[in-house]
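Colleague: Numbering (the working numbering), first residue to last: 48 to 221.
Dropping the structure in here first, questions after.
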Amino acid sequence: MPPPCASIGLIDPKSPTNVGAVMRAAGCYRVASVRYTGMRYARAARFHTDTQGVSQRIPLISVNDVLDDLPAGTSVVCVELVEGATALPAFSHPEHALYVFGPEDGSLSQVLIDRADHVVYVPTVGCMNLAATVNVVLYDRLAKSSAGIGDDALIRESRDTNNRVRVARPALLD
48 MPPPCASIGL IDPKSPTNVG AVMRAAGCYR VASVRYTGMR YARAARFHTD
98 TQGVSQRIPL ISVNDVLDDL PAGTSVVCVE LVEGATALPA FSHPEHALYV
148 FGPEDGSLSQ VLIDRADHVV YVPTVGCMNL AATVNVVLYD RLAKSSAGIG
198 DDALIRESRD TNNRVRVARP ALLD
């Protein structure tokens with residue numbers, strides 16, 4: 048059985064800034080791929096916020112339908128503020144998932160919601176932007192998994208090169 052795997056599906060994203068931030072989140076949370084539909088992003092394809100060059104390591108794939116050619120066993124998880132959805136804190140993430148997010152200025156279609164295995168929402172007052180929502184969902188996935196536990200080695204590997212700050216360890220009492 049392959050290791051747990053997450054991918055992201057974006058429906059007609061319009062903002063290169065948000066797509067760049069989604070790519071950065073994909074790198075931070077070890078997402079396998081990002082697929083997107085629509086033509087708006089192609090017109091503004093620079094990764095303004097992909098400061099870590101994640102798009103060089105994680106495929107960003109233009110598709111006609113985000114659900115086409117999914118690996119066997121992949122669960123489709125739509126993330127949308129929709130009645131009847133499961134609140135993210137109560138959601139158990141599938142091992143193999145495609146998380147589908149709607150456009151910044153719209154919603155996922157009823158057809159896509161009906162095809163999903165799960166529909167979840169982030170219980171906020173109002174809606175977050177695309178990139179923020181992707182980060183919250185992927186963090187929730189990580190926090191609920193056994194891979195969510197880090198250590199100083201992960202911090203050293205992940206932090207900015209200018210960050211050498213440490214937590215002062217109190218001296219042991221006699």
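C-beta: ideal position from N, C-alpha, C; glycine also.
For the putative contact between Ile58 and Phe148, defined by C-beta atoms under 8 Å, what is the C-beta separation to the nearest angstrom?
Modeller: Within the sequence shown, numbered from 1, the residue matching residue 58 stands at position 11. Within the sequence shown, numbered from 1, the residue matching residue 148 stands at position 101. The pair is a contact, with the Cβ atoms about 7 Å apart (cut-off 8 Å).
Colleague: How many Å lie between His143 and Val110 at the Cα?
Modeller: If you number the sequence shown from 1, residue 143 lands on position 96. If you number the sequence shown from 1, residue 110 lands on position 63. The straight-line gap from Cα to Cα measures roughly 20 Å.
Colleague: Check Gly74 in the structure and name its three-state DSSP category.
Modeller: Here residue 74 refers to the residue found at position 27 of the sequence shown. The answer is helix: DSSP assigns Gly74 an H, G or I state.
Colleague: Looking only at its own chain, which residues have a Cβ that is under 6 Å from the Cβ of Pro170, when we skip the five neighbours before and after it?
Modeller: Counting from 1 along the sequence shown, the entry for residue 170 is found at position 123. Closer than 6 Å at the Cβ level, and outside the excluded window around Pro170, lie Ala134.
Colleague: Considering only residues of the same chain and omitting the five flanking positions on each side of Ile23, which have a CB-CB separation below 8 Å?
Modeller: A query on residue 23 cannot be resolved here, the shown segment of the chain reaching from 48 to 221 and no further.
Colleague: With a threshold of 7 Å, establish whether the CB of Leu135 neighbours any heavy atom of the ligand NAP.
Modeller: The ligand content of the structure shown is nil, which means the ligand NAP is not present either.
Colleague: Could you tell me which uninterrupted alpha helix (DSSP H) segments, each at least 4 residues in length, are contained entirely in the stretch 97-165, listed from first to last along the chain?
Modeller: You should have 157-162.
Colleague: Return the chain-ordered list of same chain residues with a C-beta closer than 8 Å to the C-beta of Tyr83, the five sequence neighbours on each side being excluded.
Modeller: Numbered from its first residue, the sequence shown carries residue 83 at position 36. For Tyr83, where only same-chain residues beyond five positions count, the Cβ hits under 8 Å are Gly56, Leu57, Ile58, Asp59, Pro60, Val66, Leu107, Ile108, Ser109, Val110, Val113.
Colleague: Could you check the C-alpha separation between Asp187 and Ala179 for me, to the nearest Å?
Modeller: Position 140 of the sequence shown, counted from the first residue, corresponds to residue 187. Position 132 of the sequence shown, counted from the first residue, corresponds to residue 179. For Asp187 and Ala179, the distance between alpha carbons rounds to 12 Å.
Colleague: What are the boundary residues of the alpha helix (DSSP H) that includes Arg188?
Modeller: Counted from its first residue, the sequence shown places residue 188 at position 141. Unbroken alpha helix (DSSP H) run through Arg188: 177-190.
Colleague: Per DSSP, what kind of secondary structure is Gly173 in: helix, strand or coil?
Modeller: By 1-based counting over the sequence shown, the position of residue 173 is 126. Coil at Gly173, not helix or strand.
Colleague: Check Arg203 in the structure and name its three-state DSSP category.
Modeller: The residue given as residue 203 occupies position 156 in the sequence shown. Note: Arg203 maps to helix in three-state DSSP.
Colleague: Helix, strand or coil for Ala68? Go by DSSP, reduced to three states.
Modeller: As a first step, residue 68 is located in the sequence shown; it is residue number 21 there, counting from the start. Helix at Ala68.
Colleague: Measuring straight from C-alpha to C-alpha, what distance separates Ser193 and Pro51?
Modeller: The residue you call residue 193 lines up with position 146 of the sequence shown. The residue you call residue 51 lines up with position 4 of the sequence shown. About 11 Å.
Colleague: Around the Cβ of Val124, are there at least 16 other Cβ atoms within 10 angstroms (buried) or fewer (exposed)?
Modeller: Along the sequence shown, one-based indexing puts residue 124 at 77. Val124 is buried by the Cβ-count criterion.
Colleague: Let me know if Glu130 comes out buried or exposed under the rule of 16 or more other beta-carbons within 10 Å of its beta-carbon.
Modeller: If you number the sequence shown from 1, residue 130 lands on position 83. With fewer than 16 Cβ atoms within 10 Å of its Cβ, Glu130 is classed as exposed.
Colleague: For Ser154, which residues in the same chain have their Cβ closer than 7 Å to its Cβ, ignoring the five residues on either side in sequence?
Modeller: For the purposes of this step, residue 154 is taken as residue 107 along the sequence shown, with counting starting at 1. Taken in chain order, the residues that qualify are Glu127.
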